[in-house]
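Student:
Residue numbers (the working numbering): -12 to 438.
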């Protein structure tokens, strides 16, 4: 990459964090690009403290009230982690949650959703093959795709089908018989307490023929055979590229990343490192090419404006309203994302959310429990007392690519509210209300929806 500057730093931060501050940009630029990426990929090895003692208690059946309350606690806990300095790790947790999908309304037990969430965290930048082996016997997944019902003589093919079609290879790289044989190899697992246990009496000990090989395969053997196919490395690299670079993967780039993934025995970190340091990742036509997910928009805005003591309940419901309810993907395919995030219903609601955190008022007129300190935020910019320079600097900070001069002029007029530029001051009695109108107008721009 030719230039490692503020726009480049903001770009990589926008793709690897749920929001970032001006200090984060300065921190990134205190390193070279390569060193910064290496630092980003040094995820904290310590698993964070759980959201409550209930995570170690046996699941409670038929107690929807208690379980739903615990799920809300779990969601608030995860949002708090998204706002932390380990934000890229949490982006990867969300990526895996949307890849190896489980839905709480099917799983029904928050403990199992927590266990799965921690599994994704422990493998955030780790070995994809080993993660896949663990997912095969994960309690939430055993419930979600009926693996706990899969036994010798009465195989259940639900998980085997999705393992091949959605999780590892993609349509066209396996046969219907491969699904049948994989299901046989995946038999034998049941849920016990907070974990899973292998029951030999439920396992199919016969010879299975899968992807051209024969043997008395179990779930680990099946995963090894899947990952021996080039299609697996390409499938995962396409998903990574689509999530962090562009919705339209470049086949040549994917082939190179897939080769690297195979060479590293499916360790993800070398692929992410190569991707984030690459010329194509930092090309200007990639900047602003992704539509912010609801989590990116909501959590990212809270982080960007350095909101203190945010209302996690409001964050959770806002994300849900925008069609990305955490722990509740729409189906086994997960959230499709990109243009699906924006509709005639969700776009106005996005504007309502950004309006609310600036004004301190919910759409129904009730007071918020938190609000952006627009004066404090504005004064962080060196140009805060020069209206024209301030509008340019803030716009460059909050939007990932240059916007038209017409838009800039409109934002300036909103900020000044009829006053002359030389009369502008953040210490003017009307400055706070003018800044609120300015930030609401800026965040209502279509360009603000892009990262």
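By construction, the Cβ of each residue, glycine as well, lies at the ideal position given by its N, Cα and C atoms.
As the structure is a prediction and not an experimental result, all values here were calculated from the model.
May I ask you to report which of helix, strand or coil DSSP gives residue 303?
Tutor: Correct three-state label for residue 303: helix.
Student: Tell me which residues share the same chain as residue 91 and place their Cβ nearer than 8 Å to its Cβ, disregarding the 5 neighbours each side in the sequence.
Tutor: Excluding positions up to five away in sequence, the list reads 58, 97, 100, 314, 315.
Student: Buried or exposed: where does residue 29 fall if 16 or more other Cβ atoms within 10 Å of its Cβ makes it buried?
Tutor: Under this definition residue 29 is an exposed residue.
Student: Tell me whether the beta-carbon of residue 446 lies closer than 8 Å to the beta-carbon of residue 387.
Tutor: Nothing about residue 446 can be reported from this structure: the residues present for the chain run from -12 to 438 only.
Student: Report the rounded CA-to-CA distance for residue 288 versus residue 271, giving the unit in angstroms.
Tutor: Approximately 23 Å between the Cα atoms of the pair.
Student: Go to residue 178, then tell me how far its alpha helix (DSSP H) extends in each direction, as first and last residue.
Tutor: Careful: residue 178 lies outside any alpha helix (DSSP H), inside the beta strand (DSSP E) at 176 to 179.
Student: How about residue 416 and residue 374: do their beta carbons lie closer than 8 Å?
Tutor: The answer is no: Cβ separation not under 8 Å.
Student: Restricting to Cα atoms, I'd like to know which of 104, 273, 169 is closest to residue 78.
Tutor: Out of 104, 273, 169, 104 has the C-alpha closest to the C-alpha of residue 78.
Student: Taking all protein chains shown into account, decide if residue 481 is buried (16 or more other Cβ within 10 angstroms of its Cβ) or exposed.
Tutor: Outside the shown range of the chain, which is -12 to 438, sits residue 481, and nothing can be said about it.
Student: Using 8 Å as the threshold, is the C-beta distance between residue 212 and residue 197 below it?
Tutor: Cβ atoms of residue 212 and residue 197: closer than 8 Å.
Student: Please identify the residue among 280, 377, 362 whose C-alpha is closest to the C-alpha of residue 85.
Tutor: Minimum Cα distance to residue 85 is reached at 280.
Student: Going by C-alpha to C-alpha distance, which of 23, 181, 437 sits closest to residue 277?
Tutor: Comparing Cα-Cα distances from residue 277 to each of 23, 181, 437, the minimum goes to 437.
Student: State buried or exposed for residue 62, treating a residue as buried only when at least 16 other CB atoms are found within 10 Å of its CB.
Tutor: Buried.
Student: Tell me the DSSP secondary structure of residue 332 in three-state form.
Tutor: Looking at residue 332 - three-state DSSP - the assignment turns out to be coil, as it is neither helix nor strand.
Student: Mind pulling the alpha helix (DSSP H) runs of 4 or more residues that sit fully within the stretch 120 to 206?
Tutor: Segments of the alpha helix (DSSP H) lying fully in the stretch 120 to 206: 126 to 131, 145 to 149, 163 to 172.
Student: According to the neighbour-count rule (16 or more other Cβ atoms, all chains shown, within 10 Å of its Cβ), is residue 195 buried or exposed?
Tutor: Buried, because 16 or more other Cβ atoms sit within 10 Å of the Cβ of residue 195.
Student: Just verifying my parser: in three-state terms, what is the DSSP assignment at residue 354?
Tutor: Looking at residue 354 - three-state DSSP - the assignment turns out to be strand.
Student: Tell me whether the stretch 419 to 437 and the stretch 335 to 354 touch, counting them as touching only if at least three CB pairs, one residue from each stretch, are closer than 8 Å.
Tutor: Yes, they touch.
Student: Rounding to the nearest angstrom, what Cα-Cα distance links residue 142 and residue 106 in this structure?
Tutor: One C-alpha to the other measures close to 26 Å.
Student: Just to confirm before moving on: does the CB-CB distance between residue 185 and residue 87 stay below 8 Å?
Tutor: Cβ atoms of residue 185 and residue 87: not closer than 8 Å.
Student: Within its chain, find whatever has a CB closer than 6 Å to the CB of residue 70; leave out the 5 residues flanking it on each side and keep chain order.
Tutor: Around residue 70: 290.
Student: Mind checking residue 192: buried by the 16 CB within 10 Å criterion, or exposed?
Tutor: It is exposed - the Cβ of residue 192 has fewer than 16 other Cβ atoms within 10 Å.
Student: Taking all protein chains shown into account, decide if residue 323 is buried (16 or more other Cβ within 10 angstroms of its Cβ) or exposed.
Tutor: Looking at its Cβ environment, which holds fewer than 16 other Cβ atoms inside 10 Å, residue 323 is exposed.
Student: Nearest to residue 435 by alpha carbon, out of 371, 390, 227?
Tutor: Answer by Cα proximity: 390.
Student: Please state whether the Cβ-Cβ distance between residue 357 and residue 297 is less than 8 Å.
Tutor: Their beta carbons are under 8 Å apart, which means residue 357 touches residue 297 by this criterion.
Student: Can you find the residues in the same chain that come closer than 6 Å, C-beta to C-beta, to residue 161, ignoring five residues on each side of it along the sequence?
Tutor: Closer than 6 Å at the Cβ level, and outside the excluded window around residue 161, lie 151.
Student: From the DSSP output, read off the bridge partner residues of residue 254.
Tutor: DSSP output for residue 254 lists 114 as bridge partner(s).
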